[in-house]
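J.: Residue numbers (our numbering), protein chains in the order written: chain A, 407 to 613; chain D, 407 to 613.
Number of protein chains: 2
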Amino acid sequence: MARKSLSQSDFIEAGTEYLRDHTLSELTMRVLGDLLGVDATACYRHFSGKAELLTAMLDTLLGQVLEAVPEVVTAPRELLEAQCVAMRRVMHDNPQLATAMVASEGQMPNALKMARRSIAALRSGGLDGDELIRSYQMIESYVMGATQFDLMEAPHNMEIRAARYGMFEDPAFVRAARSVRSVAAITEESFLAGLRILLDQCLGQSR
Amino acid sequence: MARKSLSQSDFIEAGTEYLRDHTLSELTMRVLGDLLGVDATACYRHFSGKAELLTAMLDTLLGQVLEAVPEVVTAPRELLEAQCVAMRRVMHDNPQLATAMVASEGQMPNALKMARRSIAALRSGGLDGDELIRSYQMIESYVMGATQFDLMEAPHNMEIRAARYGMFEDPAFVRAARSVRSVAAITEESFLAGLRILLDQCLGQSR
DNA sequence: ACCTGAACACCGTTCAAGT
DNA sequence: ACCTGAACACCGTTCAAGT
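1. Does any C-beta atom of chain A lie closer than 8 Å to the C-beta of A543/D?
2. Just verifying my parser: in three-state terms, what is the DSSP assignment at P482/A?
3. What residues in its chain sit with their C-beta under 7 Å from that of A568/A, if we drop five residues either side in the sequence?
4. Around the Cβ of F478/A, are there at least 16 other Cβ atoms within 10 angstroms (buried) or fewer (exposed)?
5. Anyone know if the C-beta pair for A552/D and G600/D falls short of 8 Å?
6. Could you check whether G455/D and N516/D sit closer than 8 Å to each other, using their CB atoms as the reference points?
7. How is P561/A classed by DSSP in three states: helix, strand or coil?
8. In chain D, what lies closer than 8 Å to Q554/A by C-beta?
9. Using the Cα positions of S524/D and E473/D, report the straight-line distance between them to the nearest angstrom.
10. Please classify T461/A as buried or exposed, where buried requires at least 16 other C-beta atoms within 10 Å of its C-beta.
11. Show which residues of chain D have a CB atom less than 8 Å away from the CB atom of N563/A.
12. Please classify S547/D as buried or exposed, where buried requires at least 16 other C-beta atoms within 10 Å of its C-beta.
13. Is N500/A helix, strand or coil by DSSP?
14. Going along the stretch 514 to 525 of chain D in order, which residues come within less than 7 Å of chain A, judged by CB to CB distance?
15. Report the start-end ranges of each alpha helix (DSSP H) in the stretch 512 to 574 of chain D that is 4 residues or longer and not cut off at the edges.
16. Quick one: residues in its chain with C-beta nearer than 7 Å to the C-beta of M550/D, no 5 flanking neighbours on either side, listed in chain order?
17. I'd like to know if T434/D contacts chain A, where contact means its C-beta is closer than 8 Å to some C-beta of that chain.
18. Is any beta-carbon of chain A found at less than 8 Å from that of M407/D?
19. At a CB distance below 7 Å, what residues from the stretch 442 to 472 of chain D approach chain A? Give them in sequence order.
20. Work out the CA separation of L598/A and L533/A for me, nearest whole Å.
21. Assuming V437/D and L412/D make a contact with CB atoms under 8 Å, what is their CB distance in whole Å?
22. Kindly list the residues whose CB is nearer than 8 Å to the CB of S530/D, restricted to its own chain and excluding five residues on each side of it in sequence; keep chain order.
23. Closer than 6 Å by C-beta to V475/D: which residues in its own chain qualify, once you throw out the five before and the five after it? Chain order, please.
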């Protein structure tokens with residue numbers, strides 16, 4: 407039998423790819439092994455367990471956000487908004503992983519990088535002390551939370567939301583519920599509107 | 407052996423009580439059976455499975471929110487804020503259930519009631535059409551999402567957040583990280599500040 | 001150094017059998 | 001009508017054994 411000599415990134419990539427079309431609970435260690443033509447327990451030679459693999463997959467995702475928003479010299483307001491929008495888009499493209507986002511930031515270097523960038527932007531926007539922390543936390547909780555909430559039950563999330571709208575018995579919602587696409591559009595619009603309202607309030611209007 | 411003749415609410419209450427001191431993954435059907443002095447499979451005589459039980463537990467939680475905010479005649483802005491704050495408090499008191507909040511609203515009558523109340527308030531605040539939907543969705547995603555995010559990994563969530571702050575290498579965050587209590591306080595302040603900013607923008611300043 | 005394969009201690013759930 | 005208890009098809013993970 408030929409040696410496989412797999413690396414961490416092989417498992418990360420195979421898992422992330424698999425989650426494009428499958429549920430998180432469908433990604434078992436046995437399936438992951440099959441994907442790489444290897445035994446179910448081979449993963450344990452590279453990660454302490456499933457949790458650590460998941461964390462590595464998540465951090466890789468955050469790396470994509472950092473790449474999507476190069477740290478060029480832009481106004482802090484624009485850098486922040488761009489980073490938040492990129493974060494949401496990456497999560498939107500990987501809903502299964504996004505909704506499993508964990509708080510174990512200790513092992514996620516890219517999460518740390520993103521946070522430091524945001525804080526630097528808020529600082530150069532004039533914030534400091536407790537106001538800085540409140541603003542940072544408000545934006546992080548909004549972007550991560552609202553996006554996770556909107557992606558819940560993906561890929562059927564917007565069908566489910568449309569069905570809910572239909573039960574509200576309100577003419578505006580019932581009309582919107584007829585088109586899943588319009589429900590999805592409204593969801594994105596409301597996220598972006600909310601983000602801008604919060605950023606405006608934290609950093610002052612810039613448009 | 408005496409007949410137990412349990413009802414749905416017995417399982418809901420026992421499970422919710424158990425989750426006060428235990429993780430969601432620790433609440434297995436076998437444990438639930440032990441709590442009620444009954445076989446592990448007895449639950450299937452009252453619920454189709456664990457998912458349906460969980461949904462029932464969640465809806466019971468939403469019922470507490472409805473009770474906490476009686477539908478007295480108040481200004482729409484105040485009703486909305488009170489309902490959002492009550493929602494967060496109930497989730498805060500039941501973090502394990504709150505972070506498992508599901509999108510299966512079809513079987514959650516109290517979720518429907520809450521939504522209709524919110525929509526009525528927004529309407530009497532002068533909103534209509536797509537603007538009404540955007541405002542509703544913005545507030546729902548913010549309250550549910552940010553709260554779920556802040557409660558992630560409870561009951562150690564604030565210790566984890568404090569540890570993160572310590573790694574930011576920013577003087578303001580490092581100072582705040584010395585007290586878990588202060589991190590928790592800042593989290594609540596930033597949630598409330600964000601909520602008020604969004605409500606102000608949707609319904610106009612009322613204070 | 002890395003992978004295998006059997007094994008362990010769990011899950012949620014089904015179903016025939018009890019009362 | 002409701003509960004029991006064995007059983008099924010899974011999990012993640014461990015560990016001795018291979019190469």
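Idealized CB from N, CA, C, for every residue including glycine. All of these numbers come straight from a predicted model, not from anything done at the bench.
T.: With the structure as the only source:
1. Within the second sequence, the letter at position 137 stands for residue 543/D. In the sequence as displayed, the identity of residue 543/D is Gln instead of Ala. Q543/D counts as touching chain A.
2. On the first sequence, residue 482/A is found 76 positions in, with the first residue counted as 1. If DSSP states are grouped into helix, strand and coil, P482/A belongs with the helices.
3. Start at 1 with the first residue of the first sequence, and residue 568/A comes out as number 162. Correct list, in chain order: A583, V586 and V589.
4. Residue 478/A sits at position 72 when you count from the first residue of the first sequence. Contrary to the premise, residue 478/A reads as Val rather than Phe in this sequence. Flag for V478/A reads exposed.
5. For the purposes of this step, residue 552/D is taken as the residue at position 146 of the second sequence. For the purposes of this step, residue 600/D is taken as the residue at position 194 of the second sequence. For A552/D and G600/D, yes; Cβs fall inside 8 Å.
6. Residue 516/D sits at position 110 when you count from the first residue of the second sequence. Residue 455/D sits at position 49 when you count from the first residue of the second sequence. Not a contact, by the Cβ cut-off of 8 Å.
7. Position 155 of the first sequence, counting from 1, holds the residue named residue 561/A. If DSSP states are grouped into helix, strand and coil, P561/A belongs with coil.
8. Counted from its first residue, the first sequence places residue 554/A at position 148. The answer, in chain order, is G551, Q554 and F555.
9. Locating residue 524/D in the second sequence gives position 118, counting from the first residue. Locating residue 473/D in the second sequence gives position 67, counting from the first residue. C-alpha separation (whole angstroms): 15 Å.
10. Position 55 of the first sequence, counting from 1, holds the residue named residue 461/A. That one is buried.
11. Here residue 563/A refers to the residue found at position 157 when the first sequence is read from its first residue. Near N563/A (Cβ distances below 8 Å), the residues of chain D are A509.
12. Against the second sequence, residue 547/D aligns to sequence position 141. With 16 or more other Cβ atoms within 10 Å, it is buried.
13. Residue numbering aside, residue 500/A sits at position 94 when the first sequence is read from its first letter. Residue state, collapsed to three classes: coil.
14. Going along the stretch 514 to 525 of chain D in chain order, one finds L518, A521, R522 and I525 with a Cβ nearer than 7 Å to chain A.
15. 515 to 530, 535 to 557 and 563 to 573
16. The residue you call residue 550/D lines up with position 144 of the second sequence. Only M507 meet the Cβ criterion.
17. Locating residue 434/D in the second sequence gives position 28, counting from the first residue. Taking Cβ atoms only, chain A never reaches closer than 8 Å to T434/D, which makes this a no.
18. What you label residue 407/D is simply residue 1 of the second sequence in a count that begins at 1. Because M407/D carries a pLDDT of 43, less than 50, the predicted location of this residue cannot be relied on, and the following value inherits that uncertainty. So, not an interface residue.
19. none
20. As a first step, residue 533/A must be located in the first sequence, where it is residue number 127. As a first step, residue 598/A must be located in the first sequence, where it is residue number 192. So the two alpha carbons sit approximately 22 Å from each other.
21. Position 31 of the second sequence, counted from the first residue, corresponds to residue 437/D. Position 6 of the second sequence, counted from the first residue, corresponds to residue 412/D. The pair is not a contact, with the Cβ atoms about 15 Å apart (cut-off 8 Å).
22. In the second sequence, counting from the first residue as 1, residue 530/D sits at position 124. Correct list, in chain order: P482.
23. On the second sequence, position 69 is the one that residue 475/D refers to. So the qualifying residues of the chain are A488, Q489 and A492.
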